[in-house]
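Here the sequence shown is numbered in my numbering, starting from 3 and rising by one per residue.
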Amino acid sequence: MESFYIKGGKKLNGEVEVSTSKNALLPILAGSIMCNGTVVLKNCSFYSDVNNMISILNSLGAGTKIENRDLIIQSDLASSYYINEEFTKKVRSSIFMLGPLLSRFKMAKVAYPGGCNIGTRPIDLHIKGLKALNVKIEEKHGYIYCDGRNMKAGIVHLDFPSVGATENLMMASVFLNGTTTIYNAAKEPEIKDLQNFLNAMGAKVYGAGTGTITVFGVDKLTSAEYCAIPDRIVAGTYLIATCMVGGNVKLTNCVAEHNMALILKLKQAGAKIKTSKNNIEIKISKRPKSISKIETQPYPGFPTDLQSQILTLQTISDGTSVIIENLFETRFKIFTELKKMGADISLHDRMAIVNGVEMLSGANVVAPDLRGGVGLVIAGLQADGYTTVNDIYHIDRGYYCLEDDLQKLGAEIKRIKQN
Ligand code: EPZ
């Protein structure tokens, strides 16, 4: 097993390029199976979740190869619509293979998905939406069997603006004759990126980024070259890390608009932030002020994927902060590990109350999930002494060369093997 070994107390200074977005690449990889040709994803970032999705495409018969940072997918070679649990237990985003498989093969047989232990992660909205398009669905023996031979365009209203369900339904509708409308759709930037990718292959999808998405059916999708948007959660993580220890950091290849909720909160904390077309620059020299209230919401609200990181920042900020997690019921698993490092946090169901302390103390801690894990890395950057963050396979799911980027900015962090 691998761990990060961190010596705290170093400021972060310098410039890093933000990697392409995990949560944009995953649905784009799923959607590539609908193309009757070749898809080239430029400047791809090979997070372990992305590598797991590539394995799923290979298991379906699609060819994939990496040339420099580009991923080439020969989707016309795909011939199967069956994904077994060996693949789906490793990555939750296997669930939005249902839509593309139904579009390509009119059938799908997918084992239940795995993913982070941040909550029950139900899939009822995916199932309900597909049934609204007349997909016949049976759930048995740990598999989801979908028969889409009588699928038809229609109207879907999501009870909650689920990101994955929105993406699944967009992709399930691409070849349906007529017009499909998705109401109460998620508005995340990754949804708009998926729309742009599908349309680059010849689809007719409109409205992503608003609450209503319209899909006009087409006959086929053709080869395309595409580059996904930057990862707003990686960018946000680096902005928070800089506030944690102080410094002057410039992020390139990022979209400030995608991080507006965070940027406004960090300005409240005392950070000086300048934004331009593709860059964000942050400067902070004093101890951050506590942010009185942070509440996670669907986009454009404060992202749940930055909750662990901003919670960690509050543990050393000056004052008291209240953090409310509305999206996932068990996304406070980092709590026990931060307490080991001297944080003053109390939990009340989905609310954490944090009284800032001057300095955390280095400790041996365990990453509970992807974003909780990176929160502990951020804690280690500030803590007095040494911190070992274990089970960093969680972190590798959503950060591509994290230690290289942080070392480049001056952090003392290294990856070690533990037997
Ligand atoms: C996506 O997960 C992201 N993952 C998550 O990022 C992110 O936290 C989440 O959206 C919210 O922004 C990917 O894009 C691969 P949802 P997803 O469906 O699609 C409930 C990370 O750290 N729900 O929008 O699974 C659900 O329980 C990951 O990168 C249902 O009730 O999220 C949750 O409370 C973690 N029924 C809420 O909706 C359903 O059928 C939001 O879930 C589906 C979801």
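For glycine and all other residues, C-beta sits at the position ideal for the given N, C-alpha and C.
Taking 7 Å as the cut-off, is the beta-carbon of E192 closer than that to any non-hydrogen atom of the ligand EPZ?
Reading the sequence shown from its first residue, position 190 is the one you call residue 192. For the ligand EPZ, at least one heavy atom lies less than 7 Å from the Cβ of E192.
Only counting the same chain, and skipping five residues up and downstream in sequence, which positions put a Cβ closer than 6 Å to that of K108?
Taking the sequence shown and counting its residues from 1, one reaches residue 108 at position 106. Within the same chain, K108 has close Cβ partners G150 and R151.
Quick check on G33: does DSSP put it in helix, strand or coil?
Here residue 33 refers to the residue found at position 31 when the sequence shown is read from its first residue. G33: helix per DSSP, three-state reduction.
Less than 8 Å between the C-beta atoms of M173 and P124, yes or no?
For the purposes of this step, residue 173 is taken as residue 171 along the sequence shown, with counting starting at 1. For the purposes of this step, residue 124 is taken as residue 122 along the sequence shown, with counting starting at 1. Not a contact, by the Cβ cut-off of 8 Å.
In whole angstroms, what is the alpha-carbon distance linking K24 and Q311?
Here residue 24 refers to the residue found at position 22 when the sequence shown is read from its first residue. Here residue 311 refers to the residue found at position 309 when the sequence shown is read from its first residue. Rounded to whole angstroms, K24 to Q311 spans 17 Å at the Cα level.
In the DSSP assignment, what are the bridge partners of T298?
In the sequence shown, the residue the question calls residue 298 occupies position 296. F304.
Checking contacts by CB at 8 Å: is V217 closer than that to chain C?
Absent here is chain C; the protein component of the structure consists of one chain.
What are the boundary residues of the beta strand (DSSP E) that E327 is part of?
Sequence index remark: in the sequence shown, residue 327 carries index 325 (1-based). Neither: E327 is in no beta strand (DSSP E) and is coded neither H nor E.
Please confirm if the region 72-89 is in contact with the region 30-45, defined as three or more CB-CB distances below 8 Å between the two stretches.
yes
For the beta strand (DSSP E) containing Y83, name the first residue and the last one.
As a working mapping, residue 83 is identified with position 81 in the sequence shown. Careful: Y83 lies outside any beta strand (DSSP E) and carries neither H nor E.
Consult DSSP for L223 and reduce its assignment to one of helix, strand or coil.
Translated into the one-based positions of the sequence shown, residue 223 becomes position 221. In the structure shown, L223 sits in a strand (DSSP, three-state: E or B).
According to DSSP, is S278 helix, strand or coil?
If you number the sequence shown from 1, residue 278 lands on position 276. Three-state DSSP puts S278 in coil, outside helix and strand.
Which residues in the same chain as G374 place their Cβ atom closer than 7 Å to its Cβ, once the five residues preceding and following it in sequence are excluded?
Against the sequence shown, residue 374 aligns to sequence position 372. Cβ within range, chain order: S310, K335 and I336.
Go through its chain and collect everything with a Cβ distance to T90's Cβ below 7 Å, but skip five positions before and after it.
Counted from its first residue, the sequence shown places residue 90 at position 88. Result list for T90: S96, V112, A113, Y114, P115 and G116, in chain order.
Check whether the Cβ atoms of F330 and I120 lie closer than 8 Å to each other.
Along the sequence shown, one-based indexing puts residue 330 at 328. Along the sequence shown, one-based indexing puts residue 120 at 118. The answer is yes: Cβ separation under 8 Å.
Among N357, E259 and L27, whose alpha-carbon lies nearest the alpha-carbon of G303?
Looking up residue 303 in the sequence shown gives position 301. It is E259.
What residue from C403, A385 and Y301 has the CA that sits closest to F48's CA?
Residue 48 sits at position 46 when you count from the first residue of the sequence shown. Answer by Cα proximity: C403.
Measure the alpha-carbon distance for L313 versus I293 and round it to whole angstroms.
For the purposes of this step, residue 313 is taken as residue 311 along the sequence shown, with counting starting at 1. For the purposes of this step, residue 293 is taken as residue 291 along the sequence shown, with counting starting at 1. Answer to the nearest angstrom: the Cα atoms are 10 Å apart.
Please determine, among I215, F199 and G144, the residue with the shortest C-alpha to C-alpha distance to A167.
Taking the sequence shown and counting its residues from 1, the one referred to as residue 167 is at position 165. The shortest C-alpha separation from A167 is found at I215.
S57: CB within 7 Å of a non-hydrogen atom of the ligand EPZ:
Taking the first residue of the sequence shown as position 1, residue 57 is located at position 55. No, the Cβ of S57 stays beyond 7 Å of every heavy atom of the ligand EPZ.
Cβ-based neighbour list, I56, same chain, cut-off 6 Å, excluding 5 preceding and 5 following
On the sequence shown, residue 56 is found 54 positions in, with the first residue counted as 1. These residues qualify, in order along the chain: T66.
Inter-residue Cα distance where the pair is I139 and C46:
One-based indexing of the sequence shown puts residue 139 at position 137. One-based indexing of the sequence shown puts residue 46 at position 44. Spanning the two alpha carbons is a distance of roughly 34 Å.
Which residues in the same chain have their Cβ closer than 7 Å to the Cβ of E17, if we skip the five residues on either side of it in sequence?
One-based indexing of the sequence shown puts residue 17 at position 15. If we look at E17 and ignore the five residues flanking it on each side, its Cβ neighbours are K252 and T254.
Which one or two residues does DSSP pair with Y401 in a beta bridge?
Taking the first residue of the sequence shown as position 1, residue 401 is located at position 399. Beta-bridge pairing links Y401 to no other residue.
The region 203-214 in contact with the region 346-356 per 3-pair CB rule at 8 Å
no
What are the partner residues of Q76, as DSSP defines its beta bridges?
Here residue 76 refers to the residue found at position 74 of the sequence shown. DSSP output for Q76 lists T40 and G65 as bridge partner(s).
According to DSSP, D161 sits in a beta bridge with which residue or residues?
Within the sequence shown, the letter at position 159 stands for residue 161. Bridge partners of D161: none, in fact.
Which same chain residues end up closer than 6 Å to A110 when comparing Cβ atoms and leaving out the 5 residues on each side of it in sequence?
Stepping through the sequence shown from its first residue, residue 110 is reached at position 108. These residues qualify, in order along the chain: Y83, L100, L103, L104 and C148.
Considering only C-alpha positions, which residue in the set G400, V220, L160 and T224 is nearest to L28?
Position 26 of the sequence shown, counting from 1, holds the residue named residue 28. Per the Cα distances, G400.
For S363, write down the residues that DSSP places opposite it in a beta bridge.
Along the sequence shown, one-based indexing puts residue 363 at 361. S363 pairs with D386.
Out of L223, D221 and A230, which has the shortest C-alpha to C-alpha gap to D195?
Residue numbering aside, residue 195 sits at position 193 when the sequence shown is read from its first letter. With distances taken between Cα atoms, D195 lies closest to A230.
Please classify M3: is it buried, with 16 or more other beta-carbons within 10 angstroms of its beta-carbon, or exposed?
In the sequence shown, the residue the question calls residue 3 occupies position 1. Exposed, by the Cβ-count rule.
Out of L59, I30, D351 and N53, which one is the CA nearest neighbour of A202?
By 1-based counting over the sequence shown, the position of residue 202 is 200. Looking at the Cα atoms, I30 is the closest of the given residues.
Measuring straight from C-alpha to C-alpha, what distance separates S287 and E360?
Indexing the sequence shown from 1 puts residue 287 at position 285. Indexing the sequence shown from 1 puts residue 360 at position 358. So the two alpha carbons sit approximately 14 Å from each other.
Taking 7 Å as the cut-off, is the C-beta of D351 nearer than that to any heavy atom in the ligand EPZ?
The residue you call residue 351 lines up with position 349 of the sequence shown. Not under cutoff, so the answer is no.
Just how far apart, CA to CA, sit N366 and T390?
If you number the sequence shown from 1, residue 366 lands on position 364. If you number the sequence shown from 1, residue 390 lands on position 388. Near 5 Å, if we compare the C-alpha coordinates of T390 and N366.
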